[in-house]
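*Asks:* Residue numbers (UniProt numbering), protein chains in the order written: chain H, 1 to 604; chain R, 1 to 604.
Okay, here's the thing in structure tokens:
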């Protein structure tokens, strides 16, 4: 919304970064966070780049979140022991409307730019974009960083990096496995999430044991029977977990997330009752959701076709590796599907978030090359609405309703469950692991606060609950975790093929231009003879349709320039300022608006 | 989201309007709507301005929605009988993110511009902005149109119009009253909504009886005891309702809306448990919600102060007229409240939708002049989140969580109920009124379709369910309602103090500028001597922070212009095109972006 953007202009702070053409904009008052948090009195003592930080005491472990705290996305945490580094996840954040034109936002690892060679490995908890999407950009800077993940996670990473022409050093690991990189001894645990093969990781160093849950929930009857390894966590708990870093996404939500398996019957009934074409949109990585759609289709003897690049790619990977089971003869190409009777097919498509260029949006808009929807067709959105996408999703839903399609979505049927543990499950984890310190991760502030409250309720002492935001530096020393400082950690914007050259300055200009447009006025003068050589040329964009501006403004500008020249003003910069004043006053008086004004006075 | 915007660029259609500097952008494929709807085969025969429409048969009633169908907002319907007009409501629509910089969107009454004198009156169903916000702009065109509304509605209208320096012709009416304007005999019925004194209106003409519900729900135990007059509707039903125009906002929502009175105890417990300051944000017109906050405050002997211009204004009106009951001594000024102990005050504020300039947002951002929030303060959002506002609202919630405030909102407590009847209530209305024809109103397409399905379930014949979007022309003739045509009905944008001069062209330019910024290149040449007088001056905005563009692009531009001049090209337009090509190619190659490019070649 316009007003929102204006606000963000006001709060936008200039980037302080100098390094390697990467822009970092410190989030406004990022530090206040800490000074408001009860546990972090020390933060004001040391803030700035790594070198200004208090040295990490011998035998201590340092943890710095480089993304994902205070936002949902671009998850990355850097661990340091004895001069060596370990990264957990490297994801992307998708821009909000006050970040116009930005394609992606990366974690800010610039504090470690000169130490990339110290990284022993990157551990990936699972294959979602907000955990792996930043890899192509990090590997650009150092290609041979070992990547450790589960089979499915690494398969998705491999496919993604191939598109970026990068051949990564992948190390597959499975739950129960232990591997050691430098001083970091890693143990992996199965967790259940909205993508197969997700894992939690325990990081052992002489400083103690850290358990990082990754994204998880505790579906007790998951489709693949692979439950979150609470028993394993308990065992680790007996050993003594010094720090628990736990997924906070649903910490505000009371109770428990229903089992994914409860959705299958609903999907099946939708497909069974449909008389015509059925299109199911869901997340392209939600293999178990798609599995249930495929099973329901087969049961009602309909063929299945995948629609949308990422859906086709990921489901290919999933079935090749045996994570997705497609009964023989069920899968057909989209072309074949388009030729078959509508009542005999289920299309499984991308676009569940209302992405305007997705297959579903194009079908809804009647612009899809192969598929033309008709009144009575059924569209099932077996997905959530990611916050911020509601308007986009309902735009598609309304277009479908216009056509007369029967649209089933999470607001009118039980066709989605979250992938993140709710408060009830988080309490189970806290009570089973009995951590000495808790650091809520993966969430906005409201989520982190809620996780902190749960920890408090399970008896974790206030001073051992570490509330942080991106860039806060947490040291685990002698079994006590505390914030000891802060490193610059800003938004790193990817726009086109450039990383970091778009920063807050460009975004602020975009917001103004996008809200108000601009008016330019160019005058050619000969200061030597104090004459106007070419009268004002006025151009306006984004200001009004067919504006009558030129006729109205040009004379005012020429008069002013003439007057200034006659007054002996020959500095083109001062003349330009005068032009700006004239145009600005005119537009304020006549339109009550504040477009960007671009005066230019050229002396020949 | 950027991509969304891009898409809207693609679909944006040039405005066809010529009239009086008002821009109308026909919604893309607006007509397909009709041709997709089952009941409206006739629409293709006659589309366009009123004159091209089939004449309204003698004794027939014509109804044209000028806003509010296919969107939630800018509600306005025009009724015509025997050459005379009656308008119901005149609201505004708030812009979405693909309408940047727009302040408001008005109903499009331009089809009636030459017939404003035929308007007998405007009937207002209630005082919400999406029903009265357009009045200042309509009355600009004809000041003396009689306005008919309830006492509270008219009081709000009067306050609003005074700010626009307009003295309206207000006629107060109450439920049960009958008034006649020209051929239109009006009867009013009490309805229950999220604002006091809302009414439904029955419009009697020789063509039959139309019942327009306005916005309503059927709380059976409302705070003011003023229930929706179902009995009166039943009586009208026995007389015979030829057309029911019914609020569709919640037609998708199964069941019944809980009573507003169920919220009071929750609000009271929040205030009772709070140790420090309590701030309640809600809609500035939701008198009954505010009443419950005041009662709860008084009960826990806290004083109350109103914060935010519209809150102060509306609650003043409400208590003056006796719709709001403030116990003596409870109300204090904000200054006094700021001086009192935090545990002794409740602030009732605007900003429940995350409006960044609102009192609440400023408190959350620590920039409010009088109020500084502290850890442990309580903030209660006793409101819904209007679709599209979620991100803004959670931005404020997160800022509050950062401070350590305890934030209570509809996702974690029962502190809001909708003001619109859910499916269960709509079925009661349909079965009680037994209308011969039904026209779903007040909704996006998904809502209108849902209302149509409910009508079908209660036995309304398919051909008597009239699914329309803005500008469709519905004739009620011999007891049958059908769509007979369509008039241009576009978005009328208010930006600054101008109505309609911002249209799709300007918005499209804003979207490009807002996404990509621009690069301008100005060269001064002397075509006579085929020389460059002043080499290229390059300016970029919204493109990158401190771009090195000038150094890189200027030489390319100069070379190209030089080459063209040597090739004998002297047409400055052709030269400018060449400059555009050079700059465009450079930015595509180096950045993979498509900013707006503004070449200008000046001949001296």
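Where is the CB? At the ideal position from N, CA and C, for every residue including glycine.
Inspect the beta-carbon positions of residue 579 of chain R and residue 557 of chain R and report whether they are closer than 8 Å.
*Replies:* Yes, Cβ-Cβ distance for residue 579 of chain R and residue 557 of chain R is below 8 Å.
*Asks:* So if I threshold CB-CB distances at 8 Å, which residues from the stretch 588-600 of chain R count as touching chain H?
*Replies:* Against chain H - using a Cβ distance shorter than 8 Å - the residues of the stretch 588-600 of chain R are 591, 592, 593, 596, 598, 600.
*Asks:* Residue 257 of chain R and residue 421 of chain R - do their beta-carbons sit closer together than 8 Å?
*Replies:* It is a contact, given that the beta carbons lie within the stated cut-off.
*Asks:* Would you kindly work out how many angstroms separate the C-alpha atoms of residue 507 of chain R and residue 160 of chain R, rounded to a whole number?
*Replies:* Their Cα atoms are separated by approximately 28 Å.
*Asks:* Considering only DSSP beta bridges, list what residue 208 of chain H is partnered with.
*Replies:* Paired residues: H/205.
*Asks:* Could you give the distance in angstroms between the alpha-carbon of residue 42 of chain R and the alpha-carbon of residue 488 of chain R?
*Replies:* For residue 42 of chain R, the predicted structure reports a pLDDT of 33, less than 50, and the residue's modelled location is therefore unreliable. A value from the coordinates is still provided. Approximately 17 Å, taken between the alpha carbons.
*Asks:* How close, in whole Å, do the beta carbons of residue 70 of chain R and residue 444 of chain R come, if the pair is a contact with beta carbons under 8 Å?
*Replies:* That pair is a contact at about 6 Å.
*Asks:* Could one say the Cβ of residue 100 of chain H lies closer than 8 Å to chain R's Cβ atoms, at least one of them?
*Replies:* Taking Cβ atoms only, chain R reaches closer than 8 Å to residue 100 of chain H, which makes this a yes.
*Asks:* Tell me the residue span of the alpha helix (DSSP H) that contains residue 217 of chain R.
*Replies:* Premise fails: residue 217 of chain R is in no alpha helix (DSSP H) and is neither H nor E.
*Asks:* Where do the N-terminal and C-terminal ends of the beta strand (DSSP E) with residue 440 of chain R fall, by residue?
*Replies:* Per DSSP, residue 440 of chain R belongs to the beta strand (DSSP E) from 437-441.
*Asks:* Could you check whether the stretch 98-114 of chain R touches the stretch 164-174 of chain R, counting it as contact only if at least three pairs of C-beta atoms, one from each stretch, sit closer than 8 Å?
*Replies:* Taking 8 Å as the limit for Cβ pairs, the verdict is that the stretch 164-174 of chain R does not touch the stretch 98-114 of chain R.
*Asks:* Strictly under 8 Å for the Cβ-Cβ distance: is residue 75 of chain R near chain H by that measure?
*Replies:* Taking Cβ atoms only, chain H never reaches closer than 8 Å to residue 75 of chain R, which makes this a no.
*Asks:* Cβ atoms of residue 120 of chain R and residue 84 of chain R: under 8 Å apart, would you say?
*Replies:* Cβ distance < 8 Å, so residue 84 of chain R and residue 120 of chain R count as in contact.
*Asks:* Can a CB atom of chain H be found closer than 8 Å to the CB of residue 584 of chain R?
*Replies:* No, residue 584 of chain R lies away from the interface with chain H (no Cβ there is under 8 Å from its Cβ).
*Asks:* Which residues does DSSP pair with residue 192 of chain H in a beta bridge?
*Replies:* According to DSSP, residue 192 of chain H bridges with H/217.
*Asks:* Can you find a CB in chain R that lies within less than 8 Å of the CB of residue 109 of chain H?
*Replies:* No, residue 109 of chain H lies away from the interface with chain R (no Cβ there is under 8 Å from its Cβ).
*Asks:* Run through chain R and tell me which residues come within less than 8 Å of residue 394 of chain H, C-beta to C-beta.
*Replies:* The answer, in chain order, is 387, 444, 446.
*Asks:* Taking C-beta to C-beta, are residue 591 of chain H and residue 498 of chain R nearer than 8 Å?
*Replies:* It is a contact, given that the beta carbons lie within the stated cut-off.
*Asks:* If we define contact as Cβ-Cβ less than 8 Å, is residue 511 of chain H a contact residue for chain R?
*Replies:* Residue 511 of chain H counts as touching chain R.
*Asks:* Kindly list, in the order they appear in chain H, the residues whose Cβ is closer than 9 Å to that of residue 411 of chain R.
*Replies:* Going along chain H in sequence order, the residues near residue 411 of chain R (Cβ under 9 Å) are 252, 253.
*Asks:* Counting only runs that start and end within the stretch 301-353 of chain H, where is the alpha helix (DSSP H) found for 4 or more residues in a row?
*Replies:* Taking only runs of at least 4 residues, the alpha helix (DSSP H) segments lying wholly in the stretch 301-353 of chain H are 309-320, 334-339.
*Asks:* Residues of the stretch 519-551 of chain H in Cβ contact with chain R at a cutoff of 8 Å, in chain order, please.
*Replies:* If the cut-off is 8 Å between Cβ atoms, the stretch 519-551 of chain H has 520, 522, 524, 533, 534, 537, 539, 541, 542, 543, 544, 545, 546, 547 near chain R.
*Asks:* Excluding the 5 residues flanking residue 473 of chain H on each side, which residues of the same chain have their C-beta closer than 7 Å to its C-beta?
*Replies:* Taken in chain order, the residues that qualify are 53, 62, 64, 483, 484, 485, 486, 487.
*Asks:* Whose Cβ in chain H lies nearer than 7 Å to the Cβ of residue 437 of chain R?
*Replies:* Those do not exist, as residue 437 of chain R stays about 19 Å from chain H at its closest Cβ, beyond 7 Å.
*Asks:* Would you call residue 513 of chain R buried or exposed, if buried means 16 or more other Cβ atoms sit within 10 Å of its Cβ?
*Replies:* It counts as buried.
*Asks:* Assess, as a yes-or-no matter, whether the stretch 235-252 of chain R is touched by the stretch 209-218 of chain R under the definition of 3 or more beta carbon pairs within less than 8 Å.
*Replies:* Yes: the two stretches touch, three or more of their Cβ pairs being nearer than 8 Å.
*Asks:* Rounding to the nearest angstrom, what Cα-Cα distance links residue 222 of chain H and residue 261 of chain H in this structure?
*Replies:* Spanning the two alpha carbons is a distance of roughly 7 Å.
*Asks:* Taking Cβ positions, are residue 224 of chain R and residue 495 of chain R nearer each other than 8 Å?
*Replies:* No, they are not a contact pair.
*Asks:* At a cut-off of 7 Å, would you count residue 218 of chain R as near the ligand HEM, judging by its Cβ distance to the nearest heavy atom?
*Replies:* The ligand HEM is absent from the structure shown, which contains no ligand whatsoever.
*Asks:* Here's the rule I'm using: 16 or more other beta-carbon atoms within 10 Å means buried, otherwise exposed. How should residue 585 of chain R be labelled?
*Replies:* Under this definition residue 585 of chain R is an exposed residue.
*Asks:* At the level of alpha carbons, what is the spacing between residue 280 of chain H and residue 359 of chain H?
*Replies:* Their Cα atoms are separated by approximately 11 Å.
*Asks:* Considering Cα atoms alone, identify which of H/328, H/135, H/490, H/329 is closest to residue 124 of chain H.
*Replies:* Of the listed residues, the one whose Cα sits closest to residue 124 of chain H is H/135.
*Asks:* Can you give the Cα-Cα distance for residue 600 of chain H and residue 574 of chain R, rounded to whole angstroms?
*Replies:* Residue 600 of chain H and residue 574 of chain R: Cα-Cα distance of roughly 22 Å.
*Asks:* Here's the rule I'm using: 16 or more other beta-carbon atoms within 10 Å means buried, otherwise exposed. How should residue 617 of chain R be labelled?
*Replies:* Nothing about residue 617 of chain R can be reported from this structure: the residues present for chain R run from 1 to 604 only.
*Asks:* Do we get a CB-CB distance below 8 Å when we pair residue 378 of chain H with the residues of chain R?
*Replies:* False, the Cβ-Cβ gap to chain R never drops below 8 Å.
*Asks:* Alpha carbon to alpha carbon, what distance is there between residue 155 of chain R and residue 518 of chain H?
*Replies:* The alpha-carbon atoms of residue 518 of chain H and residue 155 of chain R are separated by roughly 40 Å.
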